[in-house]
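*Asks:* Sharing a structure below in structure tokens format, with a few things to ask.
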Amino acid sequence: MYIHGIGIISSVGRGLEAHRAALTNGQETKSSDGVHRVSEVALKDPALAKDARRAGRFDRMAILAGLDALKDAGPQSTAHSSSIGLILATGLGPHVTTFRFLDDMISFKEKDVSPTLFSHSVHNAAASYLSLLAGIRGPTLTVTRFSSAFQEALTLAQAWLEQKRCDYVLVGAVDELGSVMEEVLRFRASGENIAFGEGSAFFVLSQHPSEKNYEAIESVQNATDITLSSDQLVLTERLFGRLPCQSAFRAAVAALLLSAPKTGGEI
Amino acid sequence: MAIKPVVISGMGAICAAGKTTLDIMSSFESCHRKPALPTVFATSLEYPVFEVAGFVHSPEMMRTLALAYVALDEALLVAGLTPGALLGLRVGVCLGTTVASQLNNESWYRQYRSQGKMQPEPIHTYFKGNLAEAVAGHLNIKGPALTIVNACSSGADAIGVALDWLTTGLCDVVIAGGADEINHIPYCGFGALSVTSLLPCRPFDKNRNGLNLGEGAGILILETEISARSRSRKADLFVSGYGAAADAHHLTAPRPDGSGLEAAVVVAMAQAGLKPEDIVFVNAHGTSTRDNDRAEGRTLLRIFGDKLKFLSTKGFTGHTLGAAGALEAIFAALALRHGCVPANIGFEDLDEEIGQAPVSVKTSISGRAALSTSLAFGGNNAAVIITGQ
Chain A
0 MYIHGIGIIS SVGRGLEAHR AALTNGQETK SSDGVHRVSE VALKDPALAK
50 DARRAGRFDR MAILAGLDAL KDAGPQSTAH SSSIGLILAT GLGPHVTTFR
100 FLDDMISFKE KDVSPTLFSH SVHNAAASYL SLLAGIRGPT LTVTRFSSAF
150 QEALTLAQAW LEQKRCDYVL VGAVDELGSV MEEVLRFRAS GENIAFGEGS
200 AFFVLSQHPS EKNYEAIESV QNATDITLSS DQLVLTERLF GRLPCQSAFR
250 AAVAALLLSA PKTGGEI
Chain E
0 MAIKPVVISG MGAICAAGKT TLDIMSSFES CHRKPALPTV FATSLEYPVF
50 EVAGFVHSPE MMRTLALAYV ALDEALLVAG LTPGALLGLR VGVCLGTTVA
100 SQLNNESWYR QYRSQGKMQP EPIHTYFKGN LAEAVAGHLN IKGPALTIVN
150 ACSSGADAIG VALDWLTTGL CDVVIAGGAD EINHIPYCGF GALSVTSLLP
200 CRPFDKNRNG LNLGEGAGIL ILETEISARS RSRKADLFVS GYGAAADAHH
250 LTAPRPDGSG LEAAVVVAMA QAGLKPEDIV FVNAHGTSTR DNDRAEGRTL
300 LRIFGDKLKF LSTKGFTGHT LGAAGALEAI FAALALRHGC VPANIGFEDL
350 DEEIGQAPVS VKTSISGRAA LSTSLAFGGN NAAVIITGQ
């Protein structure tokens, strides 16, 4: 599968240039509370003002990374709305909104809970926004696993392209880090000092070569079969923190490293 | 381009209409349904639901997962597959859900909020509850495993993903389907959206005023023809096509013109190499909400014409969310096998806005292809074609 476009938002910031610079500089991106949180500034965009004004952080991260990937790929990928499919992978879903809805249930009468919070608490709200804003009318799926969700999404994207379900697939991952879930994750980590993170990374993939300087994805293996060196792990965790859909960020880093100028490119 | 159909070598189901496929067919036959107020949580609301009566499970396991295991056991038994036999095959797991994907344990969260104390058990239950991961782990399956969280089309989409895995040669066998439980969060949420009814639901009826939530699980064992033949399995039912398309319209309402649903149906029929006149009946999504039934009914009429037999089985099961697409594909397959479709229970008066009535009594059918449709929150549409011999 050929990579036609990449979009990424993380504690580093939004966009490829910010991430290329971070890879070059090796900058520390943890916020003052010790986690890798996406800044509110990075989440501001006029594209969200009208049709996605009620979207939560989870949705916004996915929308911005997805739209950026499509923009990076150029107009040909969205020339025909039915020829592009969408697969969004997540480990934990929009849990902040779920907890907000639970807050509603606890604080108010059952009949007075917010319908908006409920409709945004489902995992596929982000993909719905993305399809709406990008005009995607091909197959649209949201998938989840606590591990390897992005790898499985890539495998499915490959199957869709082989089956000619679409000419392009916008495939990516998103996870957010709310305060309750952070505490849950720390509880599970049994005292291990981990800097958790959040963000979203998307790719536009196709079976035909791209005009971009990105390499192709040759094959997808189950995560249990992959061994990364400690240096590689340190590199991605230092930038993005640890999150369930981390492999999407590793893939984005790999694509950016491989597309760096061959002369003078030091990352 | 038409694909090679995949064999349905086993099916298992559990829902309010019965705890096995045989029980459910018997309820359909007798037009028996009994929606009632929920018993699995306390509530001041009065929306009836379709609960699986007397279903008991370990508190260490999500109810959704426990329901899935009941359907899984039946499906594996019918398919003649033991866990040992699966080890020699390339097996995948693809299951749809909505509720089981969320850390939504209300009592745990109440305690956390009031005391700041984090009870460990609900956290462990949640992290052991991803349907596909859990089933793959339970059966020691090493192939692809994916949980689909596409709201109400999740079960149908899981069948579609399985079809693609089998057709592209990734797997010999896929455990596909969906499961969901009656839960306080969607109960309040759907109520807040004003789409639930205080009465038993009436899909496609002129006076319908909302859905009833349900719970259950539907599991299909899908297999390549080569694999089924090598195991000397009888092949009389097949998944022959799947299509999916987004509305790109609204977060909770379907596109009124039904063009997303139509696009999904067109793709599914092309995969199956079928024309509209080949479809004997449609087991429709038919939630009994004003918007869904109007958009879906009109679209089916536009594609298939006024001779079409269609129905919704949600009058027997309630809306089982992530399980619905899988359960309804199973019901379509069983109807093809038995040569008759059940009544669209709850229907009485024709809705002129739709322009056609569903089957209102048990009806004989002859032919070999059926369509099951699913429309989801978020605007996804899915269509699954089931064929017989």
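Sequence order for the protein chains is A and E.
Start counting the first sequence at 0; every next residue gets the next number (numbering that gives the first Met the number 0).
Start counting the second sequence at 0; every next residue gets the next number (numbering that gives the first Met the number 0).
The C-beta atom is built at its ideal place from N, Cα and C for all residues, glycine as well.
Because the structure is a prediction, the values reported are computed rather than measured.
1. Can you tell me whether E/Asn206 is buried or exposed, with buried defined as 16 or more other CB within 10 angstroms of its CB?
2. Using the DSSP secondary-structure output, state which residues sit across from E/Asn379 in a beta bridge.
3. What is the DSSP secondary structure of A/Ser205, counted as helix, strand or coil?
4. Just curious, the alpha helix (DSSP H) that E/Ser365 is in, first and last residue?
5. Helix, strand or coil: how does DSSP classify A/Thr77 here?
6. How should E/Ala52 be labelled, buried or exposed, when 16 other C-beta atoms within 10 angstroms of its C-beta is the threshold for buried?
7. If we count the other Cβ atoms within 10 Å of its Cβ and call it buried at 16 or more, is E/Val18 buried or exposed?
8. At what residues does the beta strand (DSSP E) containing A/Ser9 begin and finish?
9. Going by DSSP in three states, E/Lys308 sits in which element: helix, strand or coil?
10. Measuring CA to CA, which of E/Leu219, E/Cys200, E/Gly177 is closest to E/Tyr46?
11. Determine the direct distance from the alpha carbon of A/Glu109 to that of E/Leu197, and round the result to whole angstroms.
12. Could you give the distance in angstroms between the alpha-carbon of A/Gly190 and the alpha-carbon of A/Ser199?
13. Between the region 359-378 of chain E and the region 148-157 of chain E, can you find at least three pairs of beta-carbon atoms closer than 8 Å?
14. Would you kindly report the start and end of the unbroken alpha helix (DSSP H) that includes A/Val34?
15. Tell me the rounded alpha-carbon separation between E/Gly324 and E/Gly176.
16. Quick one: grab the DSSP three-state call for E/Gly11.
17. Closer than 9 Å by beta-carbon distance: list the chain E residues that pair up with A/Met60, in chain order.
18. Taking the alpha helix (DSSP H) that A/Tyr167 falls in, what are its first and last residues?
19. For a minimum of 4 consecutive residues, which ranges assigned as the alpha helix (DSSP H) are wholly contained in the region 123-206 of chain E?
20. Among all the DSSP beta bridges, which residues are the ones paired with A/Phe117?
21. Give a yes or no on whether 8 Å exceeds the smallest Cβ distance from A/Ile105 to chain D.
22. Quick one: is A/Gly134 near chain E, going by C-beta distance under 8 Å?
23. Under the assumption that A/Ser127 contacts E/Leu250 (Cβ atoms under 8 Å), give the Cβ distance between them as a whole number of angstroms.
24. With DSSP collapsed to three states, give me the class of E/Phe315.
25. Express the C-alpha separation of E/Phe27 and E/Ile344 in angstroms, rounding to a whole number.
26. Just the chain E side, please: which residues come within less than 8 Å of A/Val121 by C-beta, in chain order?
27. State whether the region 252-259 of chain A contacts the region 208-218 of chain A, with contact taken as three or more CB pairs (one from each stretch) at a distance under 8 Å.
28. Express the C-alpha separation of A/Thr141 and A/Ala158 in angstroms, rounding to a whole number.
29. Using only the alpha-carbon positions, how far apart do A/Asp111 and E/Arg289 sit?
30. Considering only their Cβ atoms, is the gap separating E/Gly217 from E/Ala322 smaller than 8 Å?
31. If we count the other Cβ atoms within 10 Å of its Cβ and call it buried at 16 or more, is A/Ile105 buried or exposed?
32. Could you tell me the boundaries of the alpha helix (DSSP H) in which E/Asn291 lies?
33. Does the beta-carbon of A/Ser118 have 16 or more other beta-carbons within 10 angstroms, so that it is buried, or is it exposed?
34. Distance cutoff 8 Å, beta carbons only. Does E/Ile140 sit that close to anything in chain A?
35. Determine, using beta carbons only, whether E/Gly317 comes closer than 8 Å to chain A.
36. Measure the alpha-carbon distance for A/Leu81 versus E/Tyr241 and round it to whole angstroms.
*Replies:* Considering the structure as presented:
1. exposed
2. E/Ala245
3. strand
4. Per DSSP, E/Ser365 belongs to no alpha helix (DSSP H) and is neither H nor E.
5. helix
6. exposed
7. Looking at the sequence shown, residue 18 of chain E is not Val but Lys. Buried, because 16 or more other Cβ atoms sit within 10 Å of the Cβ of E/Lys18.
8. 1-9
9. Correct three-state label for E/Lys308: strand.
10. E/Cys200
11. Computed Cα separation, rounded: 15 Å.
12. 26 Å
13. yes
14. Here A/Val34 belongs to no alpha helix (DSSP H), and DSSP marks it neither H nor E.
15. 8 Å
16. strand
17. Neighbours of A/Met60 on chain E: none; closest Cβ ~17 Å, over 9 Å.
18. In the DSSP assignment, A/Tyr167 falls outside any alpha helix (DSSP H) and within the unbroken beta strand (DSSP E) covering 167-174.
19. DSSP runs (the alpha helix (DSSP H)) wholly in the region 123-206 of chain E: 130-137, 153-166, 183-191.
20. None; A/Phe117 has no bridge partner.
21. Absent from the structure: chain D. Protein chains present are A and E.
22. So, interface residue.
23. With a Cβ gap of about 5 Å, A/Ser127 and E/Leu250 count as contacting.
24. Assignment of E/Phe315 by DSSP, reduced to helix, strand and coil, places it in the helix class.
25. 9 Å
26. Thr97, Val148, Ala150, Phe376, Gly377
27. yes
28. 16 Å
29. 22 Å
30. yes
31. exposed
32. 289-303
33. buried
34. no
35. no
36. Sequence check: residue 81 of chain A is Ser here, not Leu. Going from the Cα of A/Ser81 to the Cα of E/Tyr241 covers about 15 Å.
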